[in-house]
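Numbering follows the working numbering, with no gaps: position 230 of the sequence shown is 255.
See structure below.
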Amino acid sequence: MLNKDILHVLGQKIHPGESAEISFDVANLHTSSSVDVPVFIERSKRPGPTVLFTAGIHGDEVNGVEIVRQLIAKGINKPKRGSIICIPVINIFGFINLTREFPDGRDLNRVFPGNHNGSLASQVAYKLIHEVIPSVDYVVDFHTGGAGRFNAPQIRIEKNNIELDELAKAFGAPFVVYSKNLNKSFRYTCSKLGIPMLLYEGGKSIHLDPNVTHTGVNGAKRVLAHLNMLNPRLKASPPKKKCVFILESRWQRANYSGMFRPVTNLMSSKVKKGDVIGNITDPYGKFNDFVKAETSGYIINVNESPIVYQGDALFHITRKMKP
């Protein structure tokens with residue numbers, strides 16, 4: 026679907042060649058102070074697709090917010106053709122407190138497509154789906170790992186979708202993980218509406234990582250170049266490594282409770298079955314369990330929590346790759 030002459034976003038009309046900053050507001054704080062979430066729209070005079078960049082669905086995932094911030098600050102969001110919409114922080118309530126959920130305790134990414142008369146999170150989801158998404162052709166949504174888990178930069182898409190495969194290749198993250206669309210998630214809802222979405226995962230919550238940010242910003246530029254939308258004054262550098270498409274992966278869990286320390290420089294590296302990849306100790310110097318890789322593959326996620334309990338996820342290791 027190509028841009029129509031006029032974009033209708035959050036009740037505003039934006040014509041070709043125009044720029045706009047629109048407020049995405051749903052509710053005030055409990056102090057009656059207003060909370061305005063800015064939505065940045067840049068349109069070229071030349072027709073083309075509309076791409077939406079979003080972050081902060083979970084309020085503590087600040088690295089995604091930083092990526093979208095840089096897209097705006099560096100002028101990457103000014104397209105050669107078509108339109109680019111940037112929403113750096115969707116869950117502004119969680120972002121203020123650096124918490125994952127909304128004040129109502131709900132995970133925004135589990136209430137889509139939302140309800141106009143529902144919970145606060147549900148109302149935000151409803152407004153996004155009904156007042157922004159109808160104007161959009163592609164979505165890139167930026168996330169990070171949660172609960173102290175650090176994700177290697179990766180794109181997550183559903184299987185058996187040629188267009189998503191091509192977009193993921195264009196993005197150029199080190200890994201592309203095939204994963205199911207979770208029911209009531211933003212990605213699931215966009216898929217049902219026929220809108221391709223790339224979900225980027227990188228880093229961990231309440232943490233900024235320059236490599237994760239760099240990969241996300243460059244990936245966004247490559248996607249825009251792939252769609253012939255990248256501003257001519259900008260260049261999209263090719264990825265340093267070829268993408269690894271992952272068909273199957275599994276968490277390796279702790280056999281014991283204790284103090285956990287992973288081997289350094291494991292992220293994104295390939296390990297062999299039996300390699301020592303960490304150790305779990307007690308606080309008293311009496312116990313030391315060497316954690317060995319249960320399978321050969323790439324490590325795409327590491328639990329960086331210093332304390333773990335038996336059964337906790339430690340390492341996410343790939344098991345089967347696409348040829």
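Backbone N, C-alpha and C fix where the C-beta goes; we use that ideal spot for every residue, glycine too.
Under 8 Å between C-beta atoms of residue i and residue j
i    : j    : result
N362 : G139 : This structure does not reach residue 362, given that the chain is present from 26 up to 348, and the question cannot be answered.
G107 : P72  : yes
L272 : M222 : no
E126 : S230 : no
Helix, strand or coil at residue i [DSSP, three-state]
i    : result
F340 : strand
Q95  : helix
L27  : With a pLDDT of 43 at L27, under the threshold of 50, the modelled position of this residue cannot be trusted, and the question is left open.
G227 : strand
Y151 : helix
A177 : strand
D371 : Here the chain has residues from 26 to 348 only, and residue 371 is not among them.
A80  : strand
V157 : coil
L189 : helix
Y309 : coil
S48  : strand
T75  : strand
Selection from the options that minimises the alpha carbon distance to residue i
i    : options                : result
S144 : V157, D129, N134       : D129
G84  : V164, D61, L54, H168   : H168
R258 : G171, N102, R181, K311 : N102
F78  : S58, P104, V333, F270  : P104
F340 : Y323, I332, P348       : Y323
Y390 : C111, K194, I180, L207 : What is shown of the chain runs 26 to 348, which leaves residue 390 out entirely.
F118 : H155, A245, A177, D50  : D50
L291 : V316, C268, Y309, I271 : V316
G326 : A338, T320, N122, N134 : Sequence check: residue 326 is Asn here, not Gly. The option with the nearest alpha carbon to N326 is A338.
F211 : G100, D132, V93, A193  : D132
Same chain only: Cβ atoms within 6 Å of residue i, ignoring 5 sequence neighbours per side
i    : result
A318 : V296, K298, D300, I302
F120 : G81, G84, V114
K38  : I31
Y281 : I305, D314, Q335
M26  : Its pLDDT being 41, under 50, M26 is placed unreliably by the model, and the measurement read from it follows with that caveat. Excluding sequence neighbours, M26 sits near D162.
K260 : none
E329 : G173, F175
P264 : G197
Beta-carbon proximity list for residue i, same chain, < 8 Å, skipping 5 on both sides
i    : result
V136 : G143, S144, A146, S147, A150, K209
Own chain residues within Cβ distance below 7 Å of residue i, not counting five before or after
i    : result
S262 : N243
E91  : L233, T238
L35  : I47, F49, V64, E156, V157
N88  : T169, G227, G228, H232, L233, D234, V237, T238
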